[in-house]
Structure formats: structure tokens, C-alpha cells
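Residue numbers (this note's numbering): 47 to 174. What follows is a single structure, written as C-alpha cells, with notes after it.
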């Protein structure tokens with residue numbers, strides 16, 4: 047019973063698709079591909095050196111950014127029912143409540159939890 051609850055909390059099936067094969071960390075290439083980021087763009091967004099995604103994909107600052115993007119993607123995918131549409135919206139949709147910044151820009155600013163709370167309120171009908 048506990049393992050079932052644990053996999054639900056961690057969203058194992060969803061996050062697993064972004065795992066760097068045979069490692070305990072997320073793949074910059076897989077996440078970059080979904081969001082349409084080149085390696086250098088991904089590095090800029092994560093505030094790391096341009097070589098970090100390929101040379102040190104396990105770097106903590108890069109992994110934190112990737113984890114935040116996957117967290118947002120999980121919420122947005124649940125709302126839209128489509129992972130690719132969710133990725134497009136997170137990267138491109140200006141959010142009025144945040145001065146018309148995109149969710150992805152807000153992740154860069156360290157505001158992932160704020161965006162998740164906002165999206166959850168929209169899903170619940172509170173902010174829409």
C-alpha cells in the first residue's frame with residue numbers, strides 16, 4: 047500500500063520518461079527536446095555554463111531547474127491532457143497574474159511554487 051502511495055506522490059510514470067538512462071537524474075536532452083530548447087538555451091535558462099547540460103548533466107543547479115520544469119509540466123499536463131500542448135503553453139502563454147510573464151520565465155526567476163499554486167487555483171476554478 048505504501049509503495050502505491052509513494053509512486054503516486056512522485057508521479058513515477060510521468061517523470062521516468064525524462065530520466066537520463068541508467069542514472070538517478072533528469073536528462074537535459076530529453077527535457078530540452080520536449081520544450082524545444084537548444085543546449086545553450088537550456089543552460090541560459092538554468093543559469094549554468096553553456097557546457098553544463100552535456101558535460102555535467104547531474105549538476106545541482108541544472109537538476110533543480112529541470113525538476114521545476116517537470117513539476118510544472120506535470121500540473122499543466124494534468125490540466126490539458128496533452129504533454130506537448132502543456133509544454134507549449136508553459137513556454138509561450140503569457141500569464142496576466144504574473145505581469146504577462148510565461149510560466150517558464152517564472153521558473154527562471156525561482157517562482158515555480160507560485161506558478162503551481164496559480165495553475166492549481168485555475169484548475170479548481172478559483173482564479174479563472
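Glycine included, every Cβ here is placed at the ideal spot set by N, Cα and C.
| request: Using beta-carbon positions only, say whether residue 72 and residue 109 come within less than 8 Å of one another. | output: yes
| field | Extent of the continuous alpha helix (DSSP H) run through residue 136 | value | DSSP places residue 136 inside the alpha helix (DSSP H), whose first and last residues are 129-138.
| field | Given residue 105 as reference, the closest of 74, 149, 119, 123 once Cα atoms are compared | value | 74
| residue 77 to residue 141 span [Cα, whole Å] | Near 22 Å, if we compare the C-alpha coordinates of residue 141 and residue 77.
| message | What residue range does the alpha helix (DSSP H) around residue 114 cover? | response | 106-126
| task | Look up residue 100 in the DSSP assignment and say whether it is helix, strand or coil. | result | helix
| field | Expected contact under 8 Å - CB spacing of residue 152 and residue 125 to nearest Å | value | About 16 Å separates the two Cβ atoms, so there is no contact after all.
| query | From residue 102 to residue 68, what does the alpha carbon distance come to, in whole angstroms? | reply | 15 Å
| task | State the DSSP-derived secondary structure class of residue 158, mapped to helix, strand or coil. | result | DSSP places residue 158 in helix when its eight states are reduced to three.
| request: Could you tell me how far apart the beta carbons of residue 114 and residue 148 are, in whole angstroms, since I believe they sit closer than 8 Å? | output: Between residue 148 and residue 114 the Cβ distance is about 14 Å, and since that is not below 8 Å, they are no contact.
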